[in-house]
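Chemist: Take a look at the following structure, please.
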Amino acid sequence: MSEIINSSPGIATGKDISNIPGSSSKVNPSWREFAYSEENVGGLILHVQRLTRDFGPGLRTTVTLKGCALHCDWCANPQCISQKQEVIRKDRRCIHCYLCIEHCPIGALEMVGKTLIRDRQRCRTCGICVDVCPSGAHQMLGRFATVEDITKNLVEDRAHYARSNGGVTIAGGEPTRQPIFTLALLRSLRDKGIHTNLDTNATCSPETFVDIISASDMVSIDLKLMDDTAQKRHTGMGTDAIVHNLTWLASQPHKRIWVRTPLIRGVTLTETNLKAIGSFLMDIFGGRVERWEFYSHDMDIEEKYHLLDREWAYTGNLPVTPAETGLARQWAGQSGFDLQRVTVTHATRSF
Ligand code: SF4
Ligand code: SF4
Numbered sequence: 006m007s008e009i010i011n012s013s014p015g016i017a018t019g020k021d022i023s024n025i026p027g028s029s030s031k032v033n034p035s036w037r038e039f040a041y042s043e044e045n046v047g048g049l050i051l052h053v054q055r056l057t058r059d060f061g062p063g064l065r066t067t068v069t070l071k072g073c074a075l076h077c078d079w080c081a082n083p084q085c086i087s088q089k090q091e092v093i094r095k096d097r098r099c100i101h102c103y104l105c106i107e108h109c110p111i112g113a114l115e116m117v118g119k120t121l122i123r124d125r126q127r128c129r130t131c132g133i134c135v136d137v138c139p140s141g142a143h144q145m146l147g148r149f150a151t152v153e154d155i156t157k158n159l160v161e162d163r164a165h166y167a168r169s170n171g172g173v174t175i176a177g178g179e180p181t182r183q184p185i186f187t188l189a190l191l192r193s194l195r196d197k198g199i200h201t202n203l204d205t206n207a208t209c210s211p212e213t214f215v216d217i218i219s220a221s222d223m224v225s226i227d228l229k230l231m232d233d234t235a236q237k238r239h240t241g242m243g244t245d246a247i248v249h250n251l252t253w254l255a256s257q258p259h260k261r262i263w264v265r266t267p268l269i270r271g272v273t274l275t276e277t278n279l280k281a282i283g284s285f286l287m288d289i290f291g292g293r294v295e296r297w298e299f300y301s302h303d304m305d306i307e308e309k310y311h312l313l314d315r316e317w318a319y320t321g322n323l324p325v326t327p328a329e330t331g332l333a334r335q336w337a338g339q340s341g342f343d344l345q346r347v348t349v350t351h352a353t354r355s356f
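See below:
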């Protein structure tokens, strides 16, 4: 029943939307008032995935936003990092008609042998190659959408959410990078009686965290590393903001909490790290975390990087083995965390 709704032809392809209200974290201090007063702010969305069993309880629709504050060197969702639209190319679909090369206004495309090369330094993300390609080989990642439009789509599945105790998850990237849009969408869904879950790495400012989490029924925390130096080295940001925000979250007794940790061999998948995360969770939340999910990357991750003309730093690093996930569970249990609440998945975002 899952369906991915991506950008449709003619929808604002190629626009730099970083200055559109609601689409950026760089907003003036009155952004909260704006989110509360405006019913129709906009955001940059990667896709809307209907009725999945991932990213929260019950049947859920996940709205994935573009833009992330972290740059994890293992990132399983590189298509979510940039807060701008990006063009990708699916080589297998190319029928070598050269229309995109002819129409690119700045000559950023060339065919080398049978491979189409895009000069990303020059590409303006105008979307013309997407529009002219007859085989769908070029694709624009990210579309601009308003809270009103998204809500209209989401309420159509309200009966499924209600029957399964599900709802809508707002994920990314990092949804707090688009604070106005995220807050306005959460409020709009709450007005319609739809259960919400915010999937966040808790790296935003304390003020933003408090406002946005307060508008969500539950929160899924993506918690990767407890060591500040390691977190800085592998993600570009230390743990101070995360610890601060989660400590505040611990003071909110009625908020449902799930936690997710990626299993990256030699980085997050170490005895020291998993025991430290487990102990931290027990220290601040007691037994309140309903589920601690370990997720491993899929085999298609290198393909995701290839589509963006990038290389994965962990090329050749296969998904973790059952023996390794067994160890992860063992370390989680030794930290004092209830093993019955630990689960292992492969849930990453699709394109
Ligand atoms: S989006 Fe396509 S057509 Fe536009 S500049 Fe980039 S390569 Fe050229
Ligand atoms: S327009 Fe599409 S099919 Fe034609 S050369 Fe470009 S990518 Fe290939």
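Numbering-wise (this note's numbering), the sequence shown opens with residue 6 and increments by one.
Don't be surprised by glycine CBs; every beta carbon is placed ideally from N, CA and C.
Predicted, not measured: the structure shown is a model, and the values here were computed from it.
Around the C-beta of C134, are 16 or more other C-beta atoms found within 10 angstroms, so that it is buried, or is it exposed?
Modeler: Position 129 of the sequence shown holds residue 134. So C134 ends up on the buried side.
Chemist: State the DSSP-derived secondary structure class of G198, mapped to helix, strand or coil.
Modeler: In the sequence shown, counting from the first residue as 1, residue 198 sits at position 193. In this structure, G198 counts as coil in the three-state DSSP scheme.
Chemist: According to the Cβ coordinates, are V224 and I199 closer than 7 Å?
Modeler: By one-based count along the sequence shown, residue 224 stands at place 219. By one-based count along the sequence shown, residue 199 stands at place 194. Cβ distance not < 7 Å, so V224 and I199 don't count as in contact.
Chemist: Report yes or no: is there a C-beta of chain D within less than 7 Å of the C-beta of G177?
Modeler: The displayed structure is made up of one protein chain only, and chain D is not part of it.
Chemist: At the level of alpha carbons, what is the spacing between M145 and D288?
Modeler: Position 140 of the sequence shown holds residue 145. Position 283 of the sequence shown holds residue 288. C-alpha separation (whole angstroms): 44 Å.
Chemist: Suppose you measure from the CA of Y103 to the CA of R123; what does that come to, to the nearest Å?
Modeler: Translated into positions along the sequence shown, residue 103 becomes position 98. Translated into positions along the sequence shown, residue 123 becomes position 118. Each residue's alpha carbon lies about 13 Å from the other.
Chemist: Using a Cβ-Cβ cutoff of less than 8 Å, which residues in the same chain neighbour R163 once the five nearest sequence positions on both sides are dropped?
Modeler: The residue labelled residue 163 in the question sits at position 158 within the sequence shown. Contacts found: K197, G198, I199.
Chemist: When burial is assigned at 16 or more other CB atoms within 10 Å of the CB, is P34 buried or exposed?
Modeler: Locating residue 34 in the sequence shown gives position 29, where the first residue counts as 1. Residue placement at P34 is poorly supported in this model, since its pLDDT is 41, which falls under 50; the coordinates are not used for a value here.
Chemist: Within its chain, find whatever has a CB closer than 6 Å to the CB of V347; leave out the 5 residues flanking it on each side and keep chain order.
Modeler: The sequence position of residue 347 within the sequence shown is 342, counting from 1. So the list reads W297, R334, A337, once near-sequence residues are dropped.
Chemist: Of all the options S169, W317, D154, which has the alpha carbon lying nearest to the alpha carbon of A189?
Modeler: In the sequence shown, the residue the question calls residue 189 occupies position 184. Comparing Cα-Cα distances from A189 to each of S169, W317, D154, the minimum goes to D154.
Chemist: Answer yes or no: the CB of V92 versus the heavy atoms of ligand 1, is any distance below 6 Å?
Modeler: Mapped onto the sequence shown, residue 92 falls at position 87. Answer for V92: yes, Cβ within range of ligand 1.
Chemist: Beta carbon of S221, beta carbon of T201: below 7 Å?
Modeler: Here residue 221 refers to the residue found at position 216 of the sequence shown. Here residue 201 refers to the residue found at position 196 of the sequence shown. Yes, these two residues count as a Cβ contact at 7 Å.
Chemist: Check for me: the beta strand (DSSP E) holding T350 runs from which residue to which?
Modeler: Residue numbering aside, residue 350 sits at position 345 when the sequence shown is read from its first letter. Start and end: 347 to 350.
Chemist: Apart from the five residues just before and just after P83, which ones in its own chain have a Cβ nearer than 7 Å to its Cβ?
Modeler: Residue numbering aside, residue 83 sits at position 78 when the sequence shown is read from its first letter. Excluding sequence neighbours, P83 sits near K309, Y310, L313, R315.
Chemist: So if I measure from each beta-carbon to every heavy atom of ligand 1 and keep distances below 6 Å, which residues remain?
Modeler: The filter returns V92, C109, I111, A113, L114, R123, C128, R129, T130, C131, G132, I133, C134, in chain order.
Chemist: Apart from the five residues just before and just after S301, which ones in its own chain have a Cβ nearer than 6 Å to its Cβ?
Modeler: Numbered from 1 along the sequence shown, position 296 holds the residue referred to as residue 301. Contacts found: L268, P324, V325, H351.
Chemist: Classify S30 as helix, strand or coil using the three-state DSSP reduction.
Modeler: As a first step, residue 30 is located in the sequence shown; it is residue number 25 there, counting from the start. Because the pLDDT at S30 is just 43, under 50, the model does not fix this residue reliably, and the value given afterwards should be weighed accordingly. Here S30 sits in coil by DSSP.
Chemist: For F299, which beta-bridge partners are listed by DSSP?
Modeler: For the purposes of this step, residue 299 is taken as the residue at position 294 of the sequence shown. Partner(s): T266, V349.
Chemist: Please state the DSSP three-state secondary structure of S35.
Modeler: Mapped onto the sequence shown, residue 35 falls at position 30. Any reading at S35 is ruled out, since the residue's pLDDT is 48, under 50, leaving its predicted position unreliable.
Chemist: Whether or not the stretch 106 to 116 and the stretch 54 to 72 are in contact is what I'm after, with contact meaning three or more pairs of Cβ atoms, one per stretch, closer than 8 Å; do they touch?
Modeler: Short answer: they don't touch.
Chemist: Which two residues bound the contiguous beta strand (DSSP E) that contains T320?
Modeler: As a first step, residue 320 is located in the sequence shown; it is residue number 315 there, counting from the start. First-last for T320: undefined, no H or E at that position.
Chemist: Along the alpha helix (DSSP H) that carries H239, what are the first and last residues, could you check?
Modeler: As a working mapping, residue 239 is identified with position 234 in the sequence shown. H239 -> alpha helix (DSSP H) spans 233 to 240.
Chemist: Do you know how far the Cα of I306 is from the Cα of R94?
Modeler: Translated into the one-based positions of the sequence shown, residue 94 becomes position 89. Translated into the one-based positions of the sequence shown, residue 306 becomes position 301. Those two C-alpha atoms are separated by around 15 Å.
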